[in-house]
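Enquirer: Quick one: the structure is below, and I'll ask about it shortly.
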Amino acid sequence: MKVENEPKFNPKRLREARLIRGLTIKEFAERIGVTKQAVSQFELGDHTPKTETMMSIINTLKFPKNFFYREYKEQFVGNTFFRANATATKKSKETQYNKTLLAGYIYEYLSDYIEFPELNLPDITEFDSEWDNNSIEELAIKVREHWGLGDKPITNIVHLLEKNGIMVFSVDTDSQKVDAFCQHRKGRPFIFLGNDKQSAFRRQFDGGHELGHIMMHKDIDNQDVLSKQEIKIMENQANKFSSAFSLPADAFAKTVTSTSLLHFVELKKYWNVSIAAMIYRCLDLNIIDEGKYTSLQKQISMKKMRKKEPLDDVFPLQEPVVLKKSILMLLKNDVKNEQQLIQEMSVPQEYIEMLCNLDKGTLNYSEPEPTIKLIKR
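Start counting the sequence shown at 251; every next residue gets the next number (our numbering).
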């Protein structure tokens, strides 16, 4: 007997879950014991999986059952800017993109309970969309002034972004080709910072880079239609912004009293920026010439500082806190329990914990023990 208003299987959700797990149609079909054609029919909505097949789907993809029966709401997602875009594989980018849809479900759910910081970005209508070095420097100064940073170092780029209403998520990219990425969204931008490269100084630069995309490239609708050269130009613009934002020209120049590597190690403690980024900024600001830049690059290579610089393992990684605090607040105040959060978001526990920067196991649920009382005689 058919139950009235019984939720219907949602084919778009199946495709989404498969892509998040990084499975091709062929790989997925083999795991659940059906043909490729059957999977295609499920995802197109031509056929609905039988009960046994549905169980195999749930066990293989490890998504809550109700995920596949929820209404599919089209999320307004602008262009997604991937770091290392030219070398990242289509499959890798597709997997990361679909993880961002889970972030959208989490954000939408939490927005019903949590008042997030308001989006606070400066009006930049005075700027031309043709960005050059001078306009990028001016933009970095404008953002600094709008956020009241003066010419001081930025101690924690992640908290700065969150404080000004940008949603920052943690994500395991599972790829050396994708560092961090951002999206223009309706209401507020999302930034995703990769957990794979655990360096505070790298994260400082990544945060500034993604902020650069948010400020300068909002009107780019589809990055896939751009040429490699156009993508390279945009990446360079975001790099320039991050550099100018992290190292304000006049203030930084005054602190460069020597161009020895040892001095840059000391400056790293003050500016919270990598030695490599500071040396490039020096070249950009004509503090050093090409010859000195090349000499310093050779020293960096000789000392094997390309992948790991001094102090990289000393400074703690800047971590997002807004979403983490939101989840913990709901739990602490008994608004929701762990089980309710997972079921109502319809997102796997591992992804809620990852994207919201929660410790693994935070959403483990156990039934409360029965209460017993001593009988007084």
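Ideal placement from N, C-alpha and C gives every residue a C-beta, glycine not left out. Small disclaimer: the values here were computed from a predicted structure and weren't measured.
Give the straight-line distance between the Cα atoms of Leu-511 and Glu-358, rounded to the nearest whole angstrom.
Expert: 47 Å
Enquirer: Just to confirm the assignment, what range does the beta strand (DSSP E) spanning Gly-444 have?
Expert: 440-444
Enquirer: Kindly give me the distance between the Cβ atoms of Val-418 and Leu-443, rounded to whole angstroms, as I take these residues to be in contact under 8 Å.
Expert: Val-418 to Leu-443, Cβ: 6 Å. Contact.
Enquirer: Among Glu-412, Val-421, Pro-498 and Val-585, whose alpha-carbon lies nearest the alpha-carbon of Thr-350?
Expert: Val-421
Enquirer: Closest to His-634 by C-alpha separation, out of Leu-411, Gly-437, Gly-415 and Asp-500, would be which residue?
Expert: Residue numbering for the chain in the displayed model covers 251 to 627; residue 634 lies beyond these limits and cannot be assessed.
Enquirer: Keeping to the same chain, check which residues put their C-beta closer than 8 Å to that of Tyr-355; ignore five residues upstream and five downstream.
Expert: Met-595, Ser-596 and Val-597
Enquirer: Just list the alpha helix (DSSP H) runs in the region 556-604, keeping only unbroken ones of 4 residues or longer that don't cross its boundaries, in chain order.
Expert: Within the region 556-604, the complete alpha helix (DSSP H) runs of at least 4 residues are 572-582 and 588-595.
Enquirer: Going by DSSP in three states, Cys-432 sits in which element: helix, strand or coil?
Expert: strand
Enquirer: Rounded to the nearest angstrom, what separates Met-528 and Val-289 at their Cα positions?
Expert: About 51 Å.
Enquirer: Verify whether the separation of the beta carbon atoms of Leu-389 and Phe-451 is less than 8 Å.
Expert: no
Enquirer: How is Val-284 classed by DSSP in three states: helix, strand or coil?
Expert: coil
Enquirer: Would you decide whether Asn-614 is buried or exposed? Buried here means 16 or more other CB atoms lie within 10 Å of its CB.
Expert: exposed
Enquirer: Taking its Cβ as the centre, do 16 or more other Cβ atoms sit within 10 Å of Tyr-363, making it buried, or is it exposed?
Expert: exposed
Enquirer: Using the beta-carbon count (16 or more within 10 Å), is Gln-487 buried or exposed?
Expert: Gln-487 should be labelled buried.
Enquirer: Three-state secondary structure (DSSP) at Val-418?
Expert: strand
Enquirer: Ends of the alpha helix (DSSP H) at Asn-383?
Expert: 383-396
Enquirer: What are the boundary residues of the alpha helix (DSSP H) that Thr-505 is part of?
Expert: 499-505
Enquirer: Quick one: any contact between the region 260-278 and the region 303-317, if contact means 3 or more CB pairs under 8 Å?
Expert: Output reads yes: the region 303-317 touches the region 260-278.
Enquirer: Which value, in whole angstroms, describes the spacing of the CA atoms of Ile-386 and Ala-494?
Expert: CA-to-CA, the gap between Ile-386 and Ala-494 works out to about 8 Å.
Enquirer: Which of the three DSSP states is assigned to Glu-460 in this structure?
Expert: helix
Enquirer: Which residue from Ser-616, Lys-623, Ile-622 and Leu-578 puts its Cα closest to that of Leu-608?
Expert: Leu-578
Enquirer: Got a sec? Which residues, its chain only, sit under 8 Å from Asp-584 by beta carbon, not counting five neighbours each side?
Expert: In the same chain as Asp-584, and ignoring 5 residues on each side of it, no C-beta atom comes closer than 8 Å to its own.
Enquirer: If I follow the unbroken alpha helix (DSSP H) through Pro-261, where does it start and stop?
Expert: Run containing Pro-261: 261-270, per the alpha helix (DSSP H) assignment.
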